[in-house]
Structures are given as structure tokens and as C-alpha cells.
Amino acid sequence: MPERNEISWTTIIVALAKNGDLDQAKDLYDRSPAKDLVAQNAMVAAYARYGRLEDATKFFDSMPEKDVTTWNALMSGYKKEGLLKEAEELFSRIPKGDGVSWNLMLAAYSQCKGLDKAKEMFDRMPEKDLFSWNSMMAAYSQNAGIENVKDIFEKMPCRDTVSWNCMIQAYAQRSQLEEACQVFDAMPEFLKDEFSWTLMISAFSQETKIEQAKQTFDSMPNKNVVAWTSIVTAYADNGRVCGAKKLFDSMPRKDLCSWNVVASMYARYGFCREAIEIFKIMCLEGFDPDGKTYVIVLAACSHIGLVREGLQKFTCMEMDHGILPQKDHYRALAASFGRAGELRNAKDLTVAMDDPDGQAWRAFLGACSVHFDVRHGVSAAKHALVVGPEAGSAYILLSNTLALENTLKTS
285 MPERNEISWT TIIVALAKNG DLDQAKDLYD RSPAKDLVAQ NAMVAAYARY
335 GRLEDATKFF DSMPEKDVTT WNALMSGYKK EGLLKEAEEL FSRIPKGDGV
385 SWNLMLAAYS QCKGLDKAKE MFDRMPEKDL FSWNSMMAAY SQNAGIENVK
435 DIFEKMPCRD TVSWNCMIQA YAQRSQLEEA CQVFDAMPEF LKDEFSWTLM
485 ISAFSQETKI EQAKQTFDSM PNKNVVAWTS IVTAYADNGR VCGAKKLFDS
535 MPRKDLCSWN VVASMYARYG FCREAIEIFK IMCLEGFDPD GKTYVIVLAA
585 CSHIGLVREG LQKFTCMEMD HGILPQKDHY RALAASFGRA GELRNAKDLT
635 VAMDDPDGQA WRAFLGACSV HFDVRHGVSA AKHALVVGPE AGSAYILLSN
685 TLALENTLKT S
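Residue numbers for the sequence shown follow this note's numbering, beginning at 285 and rising by one.
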């Protein structure tokens with residue numbers, strides 16, 4: 285085999301890093317006879333992109349030379365993970381930042397709700413590009429009044445799809461449907477993407493304008509799975525169960541999110557057996573459920589008293605799909621045991637949670653109250669008041685349980 289040169293080593297390292305094969309990339313980098321800045325930057329960027337910030341920082345600190353790409357790669361990782369202080373400290377040390385550096389810091393402030401600092405950063409920027417304007421607009425949209433968002437939108441020297449979508453979303457989030465429609469209608473057709481249309485579908489749905497939502501969906505030039513899921517969600521959120529299912533069945537392609545929407549709709553409106561059936565069909569069609577799917581199906585089992593089926597699904601969740609139970613899963617199964625009067629099992633599940641909160645203990649206390657179990661009820665009330673002493677409902681539930689017990693004794 286011909287002797288590898290510096291370029292071939294670097295090319296392979298960069299390819300592995302970009303593909304997420306970080307350990308293999310690092311192993312090859314360590315064995316490489318020539319370690320150039322391109323390969324080093326690729327390693328820092330890959331570590332940062334995949335959330336391995338400790339490795340990214342360690343590698344960054346070991347580099348004898350750095351360019352602005354190196355600094356930006358690490359700062360991007362800090363921004364992605366919401367580490368604002370670390371991003372600020374790094375930005376302050378950059379020998380000579382570029383537009384990307386400023387935009388990353390501006391986006392970090394916007395992401396972490398630091399509106400004042402974002403505005404200060406925006407005003408200080410030596411040059412503002414479209415990304416800068418969009419970041420500032422997003423910061424206002426999340427943390428300020430609509431007039432601030434509108435003001436910066438109107439001041440923008442040019443706008444792209446992101447700018448228009450941000451303005452539509454800002455109005456929609458504030459239930460200003462008419463204004464959202466006006467912006468959408470004024471938006472150049474060539475800039476509208478699937479997200480623009482789905483924003484309007486959601487805006488109409490939020491204001492219970494389901495016919496307008498369907499008209500908007502029908503007008504879409506291209507409909508991806510997100511758009512289909514959006515209209516199914518609109519029907520589901522407005523109680524149009526049959527319509528939502530009909531649209532769901534018409535989807536040319538489904539994803540996990542669309543299955544979850546329909547299962548959740550059935551469970552929410554009391555069609556729990558249908559929710560469980562959807563879960564079974566989904567699995568048969570080759571879709572792997574996620575944690576949200578299991579919360580839905582466990583709650584459905586709980587509401588119609590299928591305790592053992594719920595327990596079986598809880599067990600399969602980790603064994604078959606590698607999904608570790610979270611608080612919502614424990615709560616749903618504990619509620620199932622509680623409804624069935626199996627309070628010992630309900631308590632064991634509550635205790636098994638990772639740091640059970642007041643909500644979990646109050647739910648168990650509610651089950652104790654229903655079944656007049658004062659002994660478990662007193663224990664649950666103590667736990668509920670320790671982790672959430674501000675919640676007066678625990679006192680009320682315990683008081684009701686004691687009162688019912690006294691009534692039963694004297695009757």
C-alpha cells in the first residue's frame with residue numbers, strides 16, 4: 285500500500301469526525317504522523333457537536349495553535365448545551381473574532397433569555413448579517429412584546445424565510461391570528477416553505493378555526509409528513525376524532541410523531557381501547573415506540589383498569605425497546621395500581637421513582653382517599669408535604685380520608 289501522506293490522514297480523520305465516529309477519529313489522530321490544524325478543528329467541532337464538551341475543551345486546550353474556526357467550534361458547543369457563562373468567557377478570549385463569533389454569542393444570549401445582553405451584543409456588532417437580524421428577532425419574539433418583534437422585522441435590510449416565519453410565529457403565539465394571516469399573505473411565495481404553511485395550520489387550529497386550517501393544508505403545494513401531522517393534530521386538538529383518524533389513514537407516509545398524535549387523541553377523549561390498539565398496530569408496522577408513546581399507552585391502560593396489561597407494557601418498555609422508565613411512566617402505572625386498590629404496589633412504584641415529587645405523592649394520597657386507606661394515606665401525606673410543603677391539597681386529601689374513616693366507624 286502506498287505510504288499515506290498528510291492530506292490522506294487528515295481527510296480520513298475529518299470524515300470520521302463528521303460522521304460521529306469520534307473515538308475512531310481520535311485513535312487515528314493519535315497515530316497520525318502529521319497533526320494539522322484542519323484535523324484538529326474537525327476533532328473540536330465533532331466533540332462539541334455531539335455534546336462531549338469535556339473532551340472538546342481538553343482537546344482545545346492541548347492545541348498549540350488555534351484559528352478563529354477553532355474558537356467558534358467550541359463556542360458553538362457551549363451555545364448548544366446552554367452554557368452561557370462558558371460561552372461568554374470563551375468569546376472574551378478570542379484574539380480576533382469574526383461575524384460567526386458574534387452571531388454565536390448573540391444566539392447564545394437569545395437562547396438563554398438574556399434579552400438585554402442580546403440587544404447590547406447586537407448594537408455592538410461591527411457588521412450585522414441576516415443571521416444577526418434573525419437572532420435578534422427571535423430573542424424579542426421569545427422575551428418581549430410583539431411591537432419589538434414587528435419593529436426589528438420592519439427595520440431588516442432584507443428578509444429570508446426564517447425572518448417571515450419568525451414574524452408569523454410571533455403573532456400566532458400571541459393569538460393574533462389576523463396579523464399572522466396578513467404576514468403570511470404578504471410573504472413572497474418563493475420564500476414559503478412547509479414550516480410557513482404548518483405555522484398557519486397551527487394558528488388556525490389554536491383559534492378553533494378548523495375549516496380554515498384544512499383549507500390552508502389543501503392549498504399547500506407540497507405536503508411532507510410534518511404538514512400531514514400538523515393537520516391531524518389540528519383535528520385532534522379540536523375534538524374532531526373521526527376526521528383526525530380519516531386524515532391519519534390518508535397519510536402517504538407516517539412517522540412516530542403522527543402515531544403518537546392519534547394514540548394521544550384517543551386516550552385524551554376516553555377511547556382508551558382504541559389508543560392501545562393504535563399502539564399495537566404501530567408496533568406491527570415496524571415503528572419503535574418512544575417514551576411518550578409509553579406514557580400514552582400506560583395512561584390508557586390505567587383509565588380502563590387494565591392493570592396487568594399496563595404492567596406488562598411497563599416491563600417491555602425497557603426490555604424490548606431500551607427505554608428507561610421516567611417519572612411519567614411510574615406515575616401512570618402507580619395510578620393504575622391505585623385505581624385498582626393495590627396500594628402497596630402503587631406505593632412501591634412511587635418510592636421506586638427517581639426522586640418522587642409532590643405530584644406523585646399527592647396522586648398516591650388521592651388513591652388512598654378513594655379506598656379509605658388511612659395508614660398509607662398518612663404516610664403519603666407526610667411525603668407529599670416534605671417535598672412540596674406549599675401544596676395545601678395534601679392537607680385536604682388527608683383530612684377527607686380521616687373524615688370518611690370516622691364516618692364509616694360511626695355508621
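Where is the CB? At the ideal position from N, CA and C, for every residue including glycine.
Asked                                                                                                                                     : Found
Burial state of residue 380 (16 or more Cβ within 10 Å)                                                                                   : exposed
Pair within 7 angstroms by beta-carbon distance, residue 518 and residue 551                                                              : no
Close beta carbons around residue 285, own chain, < 7 angstroms, minus the five adjacent residues each side                               : Unreliable positioning characterises residue 285 in this predicted model, as indicated by a pLDDT of 37, which lies under 50. A coordinate reading is not provided.
Burial state of residue 634, where buried means 16 or more other Cβ atoms lie within 10 Å                                                 : buried
Own chain partners of residue 306 with C-beta closer than 6 angstroms, once the 5 adjacent residues on each side are dropped              : 330
Span of the alpha helix (DSSP H) around residue 587                                                                                       : 575-587
Residue nearest to residue 475 in terms of C-alpha spacing, selected from 450, 409, 616, 423                                              : 450
Close beta carbons around residue 509, own chain, < 6 angstroms, minus the five adjacent residues each side                               : 537, 539
Rounded straight-line distance, which links the Cα of residue 558 to that of residue 649                                                  : 30 angstroms
Beta-carbon spacing of residue 478, residue 511 below 7 angstroms                                                                         : yes
Coarse secondary structure for residue 428, derived from DSSP in three states                                                             : coil
Beta-carbon spacing of residue 409, residue 419 below 7 angstroms                                                                         : no
Span separating the alpha-carbon of residue 229 from that of residue 470                                                                  : Since the first residue of the chain shown is 285 and the last is 695, residue 229 is not available in this structure.
Cβ separation of residue 578 and residue 597, assumed to be a contact under 8 angstroms, to the nearest whole Å                           : 7 angstroms
Chain-order list of residues whose beta-carbon lies under 7 angstroms from that of residue 481 (same chain, five-residue window excluded) : 500, 504, 511
Proximity winner among 513, 453, 387, relative to residue 468 (alpha-carbon distances)                                                    : 453
Proximal residues to residue 617 (C-beta, below 8 angstroms), its chain only, five neighbours per side dropped                            : 582, 586, 594, 595, 598, 633
Beta-carbon spacing of residue 392, residue 358 below 7 angstroms                                                                         : no
Inter-residue spacing [alpha-carbon to alpha-carbon] between residue 629 and residue 611                                                  : 16 angstroms
Where residue 524 sits in the DSSP three-state scheme                                                                                     : coil
Member of 326, 382, 348 whose CA lies at the smallest distance from the CA of residue 361                                                 : 326
Neighbourhood of residue 312 by C-beta, 7 angstroms cutoff - its chain only, sequence neighbours within 5 removed                         : 296, 297, 300
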